[in-house]
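Working notes for the structure below.
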Amino acid sequence: MRQQVPNIAGIAGIGFFILFPFVYSGADYDYIMHICIIAFYYAILASSWSMLAGYAGQFSFGHMGFMGIGAYTTALFCHYFYLSPEPTNLCTEFNLGGTWLVVVNPIGVTSTTLTQDCLRQALSAWNGTVQVTPMPVWLGIVLGTLMGGLFGLLIGLLVLRLRAAYLALFTLGFSEILKATISAEIQITRGQAGMETPALFEQGITLFGHTFSKTDKLPPYFVMFFLLLACLGILAWLARSKFGLFVRALREDQDAAAALGVNTTKYKVLVFVVTTMMAAVAGAVQAHYVGIVTPNNLFLLQMSLVVAMAVIGGVENFVAAAVGAILIQFVLEMLRNSFDVGGITVDMTIWRLVIFGIILMVTLRFSRNGLIAPIIEYFQRGHVGKETVEKRMASEGDAEEPAK
Amino acid sequence: MESPSLFWGVIVWMIVWGVGGSIATRYRYLHKDLDTSNANFVGAMVGAASGPIGLAYLWVQTPELTNRLIVGPAILAVTLVAAAFAFADPDNNCVVNGSFVASQFVNGLIIGIIYGFMALGLTLIFSILGVVSFAHGEFYMIGGMVVYFVTAVWIPGINPILGVMAACAVAFTLGAVFERLFLTPMYEGKIDRPVEYGILVTFGLAFTLQYFVQATAGANPVKAARFFDFPRWRIPSAEDPWLLKSSRGNMTLFDTVSISNPRFVAAVMCIVVLLTLLYFLHRTWTGKALRAVSLDREAAAIAGINPDRMNMLAFALGGMIAALAGALLVQAFSWLPQVGNIPAMRSFVIVVLGGLGSLPGAFFGGIIVGLVEAAGTGCIPDAQKAASYIPAYGMLVLTLTLLLRPTGLLGRRFSSGTHGKF
């Protein structure tokens with residue numbers, strides 16, 4: 008029975024989060040929902056990073072870079088591509104059987120020569136007689152995911168030979184180059200001003216007879232939540248399949264794994280592609296939910312948060328990492344209140360991060376599996392001693408060996 | 011740029027032949043059962059510099075890859091890029107204005123010395139502990155903050171050298187305490203993957219320190235006053251000081267090269283400390299013990315050196331060097347709690363370029379990165395873009411190094427300890 012506690016708790020947690028938006032009716036409903044959405048977003052990033060770092064041993068510090076690729080791909084796509092029934096004769100455009108695919112020219116933030124891009128000029132010339140259609144948001148998200156996967160493939164191939172510290176430095180460098188490029192190419196990406204993105208459901212959405220406007224929190228809440236469940240599902244399936252076994256073998260000893268017939272190149276690249284796609288889809292959906300993307304999303308602080316969440320949850324268990332991320336996001340929000348001690352105001356918006364950093368270091372020092380993962384493990388073990396479980400696992404492994 | 015297609019055409023040509031050459035040369039040397047450790051690098055450089063002709067020579071002759079063959083094509087390739095740039099953009103400041111080039115070069119050299127000095131701390135930590143400290147930038151930041159608080163807030167009018175010493179003491183203590191508290195389990199074999207543990211725990215330290223300083227000192231930029239003024243010199247004569255002219259904050263050499271005081275003072279002090287450090291490492295018992303541990307941990311232990319104590323010393327010393335670099339540069343730049351991020355990244359680039367664990371490599375790498383940054387900021391036509399791309403120049407160097415020659419300029423293979431895992 009005790010072995011089932013984590014599963015029961017998991018199902019209860021999923022049930023809780025599904026029912027929560029319908030049951031809860033406090034005055035701060037929107038605020039709580041917002042925290043939940045952001046918590047799910049971090050949970051996707053933390054669990055995919057724990058797959059990459061904890062399972063495969065690839066300590067990539069560029070995870071936020073891939074998130075940014077997802078977010079910026081969909082933002083650029085929605086910003087520069089439109090469908091029009093009439094040719095504008097101003098923009099670059101392609102005829103797609105009666106409708107024109109319009110590529111808007113980039114004018115940057117403060118252009119001295121142009122105040123309107125070509126499409127706005129055409130629209131004001133038409134004077135409302137022609138309606139242009141923006142690109143569907145879901146297509147942008149799909150493209151963002153694919154682009155994240157593509158970059159994951161390239162980076163994965165580049166870092167094949169790098170291990171440990173070199174890999175961490177290289178991926179950190181990749182993320183920094185990306186940030187510098189986005190900040191510098193003001194003409195196209197609008198630099199630090201950021202790019203506005205359409206809402207997830209720009210026209211609103213009708214579900215079960217109830218119409219939600221584009222600012223309602225409920226649709227993005229469920230989009231993000233089911234995305235998290237899907238990612239966890241995929242990760243669980245991968246971890247239990249041959250993929251998970253091979254990837255863990257890679258982590259422990261790459262040369263030994265290769266000698267035993269694991270295609271190390273393939274699995275190293277594959278784990279990169281899968282996890283970066285998850286980061287990219289999370290970034291793309293979050294970009295449409297928040298409504299703006301800026302290069303600040305790629306700051307090292309964001310990466311530190313994801314790493315800390317995964318480590319405190321348990322870096323070798325992606326469910327624990329996800330739970331850790333959700334819990335930490337809530338704790339960090341709750342610690343936002345400043346208070347007075349003897350006439351001095353303690354600004355908790357900063358101090359909470361200091362406390363967080365100390366917790367991170369102490370967790371690493373004294374409980375390397377994180378804080379959540381050992382609890383799950385304790386219940387799964389039942390009343391059997393730790394050593395006994397290890398011995399059983401070892402003997403099971405031996406028994407399975409000849410069967411292959 | 012007047013004819014960008016010429017410049018980019020040459021670049022694409024070089025990249026294509028470089029990539030092709032790198033792959034082909036490695037393949038060829040592997041199949042002829044020759045030493046391939048430099049094949050990638052030489053293949054790429056020969057391909058980039060001379061295209062198919064040089065590659066055909068490599069393919070047919072497969073000469074031994076000597077140092078001459080490593081350095082020559084590399085210099086040729088860099089010259090080729092510079093020439094392409096000069097032809098593509100003949101009106102650029104970097105091409106027509108000799109004094110501007112000289113000025114950029116000298117300033118790049120000066121700032122490169124400081125970068126190299128800071129990277130030295132990182133490479134010292136790595137060569138002894140086998141850990142890349144992700145908190146290096148935070149030590150740099152703390153150094154500057156301590157100098158600012160000592161000289162400008164707590165005891166105004168104090169000799170800035172005392173402030174610098176205070177910064178060193180703080181960083182040294184912090185490094186030693188952190189090492190004792192958090193890095194000791196690494197040596198006892200209690201951790202499966204010590205390298206990753208080291209990265210994560212120093213990452214945690216960086217996070218904590220940065221927000222601790224932001225919480226206590228605030229997020230507003232601060233700046234310390236100039237440490238020293240230049241004396242007023244006019245050489246050779248007051249009427250025509252063509253050789254050297256100095257005012258309090260600036261110095262002009264040959265009427266062309268302008269050097270700002272804070273950077274010059276910082277570079278001179280860096281060189282002084284560097285010489286002291288070299289004396290310490292080569293002439294004292296403790297310094298020799300440090301080097302012995304970095305060469306072979308077990309053998310050093312047999313000879314009566316306590317490697318654990320050397321770990322503590324190395325981490326504290328490395329942090330102190332970073333803090334010293336920060337303490338010297340706080341008079342040149344405005345200081346924020348986040349100021350350490352870019353120098354930390356640059357130090358990573360430098361140590362990888364110079365070869366992880368190599369002290370002279372770090373110093374030369376620093377100078378190269380300083381020059382590359384000076385060239386990048388000075389020569390790119392759009393000044394605003396050039397400034398935004400500053401972190402990217404170093405990263406470009408890092409990427410090229412990791413792809414072509416992961417051991418760096420002067421890297422060596424480690425014989426023992428966690429180093430072997432790289």
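Top line first, the protein sequences correspond to chains A and B. With this note's numbering applied, the first sequence corresponds to residues 8 to 411, in that order. With this note's numbering applied, the second sequence corresponds to residues 11 to 432, in that order. Backbone N, C-alpha and C define an ideal beta-carbon position, used for all residues, glycine too.
Is the CB of A:T178 under 8 Å away from at least one CB in chain B?
By the rule that beta-carbons nearer than 8 Å mark a contact, A:T178 does not touch chain B.
Using the beta-carbon count (16 or more within 10 Å), is B:E308 buried or exposed?
Label assigned to B:E308: exposed.
Which stretch, first to last residue, makes up the alpha helix (DSSP H) that contains A:L230?
Here residue 230 of chain A is Val; the residue named in the question, Leu, does not match the sequence. Element bounds for A:V230: L225 to R247.
Which residue comes first and which comes last in the alpha helix (DSSP H) that contains B:W345?
B:W345 -> no alpha helix (DSSP H), and no H or E assigned at all.
Alpha carbon to alpha carbon, how far is B:L86 from B:C389?
The straight-line gap separating the alpha-carbon atoms of B:L86 and B:C389 is approximately 20 Å.
Would you please verify whether the beta carbon of A:A53 is less than 8 Å from any beta carbon of chain B?
At least 8 Å separates the CB of A:A53 from every CB of chain B.
Could you check whether the Cβ of B:G314 sits closer than 8 Å to any Cβ belonging to chain A?
When Cβ-Cβ separations below 8 Å define contact, B:G314 makes no contact with chain A.
Beta carbon proximity, A:I45 to chain B, threshold 8 Å:
Residue contact check for A:I45 against chain B: no CB pair falls below 8 Å.
Can you tell me whether B:N50 is buried or exposed? The criterion is at least 16 other CB atoms within 10 Å of its CB, across all chains shown.
Result: buried.
Sort out for me which residues DSSP pairs A:H217 with in a bridge.
DSSP lists A:L214 as partners of A:H217.
Comparing the C-beta of A:L161 with each C-beta of chain B, is any distance below 8 Å?
Interface annotation, A:L161: not in contact with chain B, CB-CB separation never under 8 Å.
Closest by C-alpha distance to B:S143, when choosing among B:A332, B:V88 and B:G380:
Cα-wise, what sits closest to B:S143 is B:A332.
CA-CA distance, B:R203 and B:Y197?
Going by the C-alpha atoms only, they are around 11 Å apart.
Out of A:G61, A:F23, A:A63 and A:G75, which has the shortest C-alpha to C-alpha gap to A:Q293?
For the options A:G61, A:F23, A:A63 and A:G75, the alpha carbon positioned closest to that of A:Q293 is the one of A:G75.
Within 8 Å (strictly less), CB to CB, does A:G331 reach chain B?
Taking Cβ atoms only, chain B never reaches closer than 8 Å to A:G331, which makes this a no.
So with Cβ pairs under 8 Å, would you call B:Y125 a contact of chain A?
For B:Y125, the answer is no, since every Cβ of chain A falls outside 8 Å of its Cβ.
Looking only at its own chain, which residues have a Cβ that is under 6 Å from the Cβ of A:P302, when we skip the five neighbours before and after it?
These residues qualify, in order along the chain: K186, I189 and S190.
Using a cut-off of 9 Å between C-beta atoms, extract the partners of B:M151 located in chain A.
Contact annotation for B:M151 against chain A: no contact, minimum CB-CB distance about 13 Å [criterion: below 9 Å].
Any alpha helix (DSSP H) of 4 or more consecutive residues that is wholly inside the stretch 147-197 of chain A:
Listed in chain order, the complete alpha helix (DSSP H) runs (minimum 4 residues) inside the stretch 147-197 of chain A are 171-191 and 193-196.
Spatial neighbours of A:Q336 in its chain, beta-carbon cut-off 7 Å, leaving aside the 5 residues before and after:
In chain order, I42, I45, A46 and Y49 place their CB closer than 7 Å to the CB of A:Q336, counting only its own chain and leaving out the 5 sequence neighbours on each side.
Bounding residues of the alpha helix (DSSP H) (the contiguous stretch that carries B:L3)
The shown model of chain B, from 11 to 432, leaves out residue 3 of chain B, and the question about it has no answer.
Taking Cβ positions only, does B:T218 come closer than 8 Å to chain C?
Considering every chain present, this structure includes no chain C. Its protein chains are A and B.
Close Cβ partners of B:Q348 (< 7 Å) along its chain, the five nearest in sequence each way excluded
Q220, listed in sequence order.
Where does B:P78 land, buried or exposed, given buried means 16+ other C-beta within 10 angstroms?
Rather than Pro, the amino acid found at residue 78 of chain B in this sequence is Arg. With a 10 Å radius around the Cβ and a threshold of 16 neighbouring Cβ atoms, B:R78 comes out exposed.
Along chain A, in chain order, which residues have C-beta atoms closer than 9 Å to that of B:T409?
Within 9 Å Cβ-Cβ: L165, F177, G180, F181 and I184.
Just grab the DSSP bridge partners of A:L103 for me.
Beta-bridge pairing by DSSP links A:L103 to A:T106.
Which value, in whole angstroms, describes the spacing of the CA atoms of B:A93 and B:P14?
The C-alpha of B:P14 is placed about 13 Å away from the C-alpha of B:A93.
Against chain B, does A:A172 count as a neighbour if the rule is that its beta carbon must be under 8 Å from one of theirs?
Chain B contact via Cβ: present.
In terms of alpha-carbon separation, which member of B:F159, B:L334, B:M128 and B:A216 lies closest to B:A235?
Of the candidates B:F159, B:L334, B:M128 and B:A216, the one whose C-alpha sits nearest the C-alpha of B:A235 is B:F159.
Segment contact flag, the stretch 323-334 of chain A with the stretch 75-91 of chain A, C-beta cutoff 8 Å, min 3 pairs:
They do not touch, by the three-pair rule.
Check the Cβ of A:W145 against every Cβ in chain B and list those closer than 8 Å, keeping chain order.
For A:W145, there are no C-beta contacts with chain B under 8 Å, since the nearest C-beta of that chain is about 33 Å from it.
For A:Q387, collect the residues of the same chain with a Cβ closer than 7 Å to its Cβ; drop the 5 residues on either side in sequence, then sort them by chain order.
Q10 and P13.
Is there a Cβ from chain B that is less than 8 Å from the Cβ of A:F215?
Put simply, the CB of A:F215 is far from chain B, with every gap to its CB atoms at 8 Å or more.
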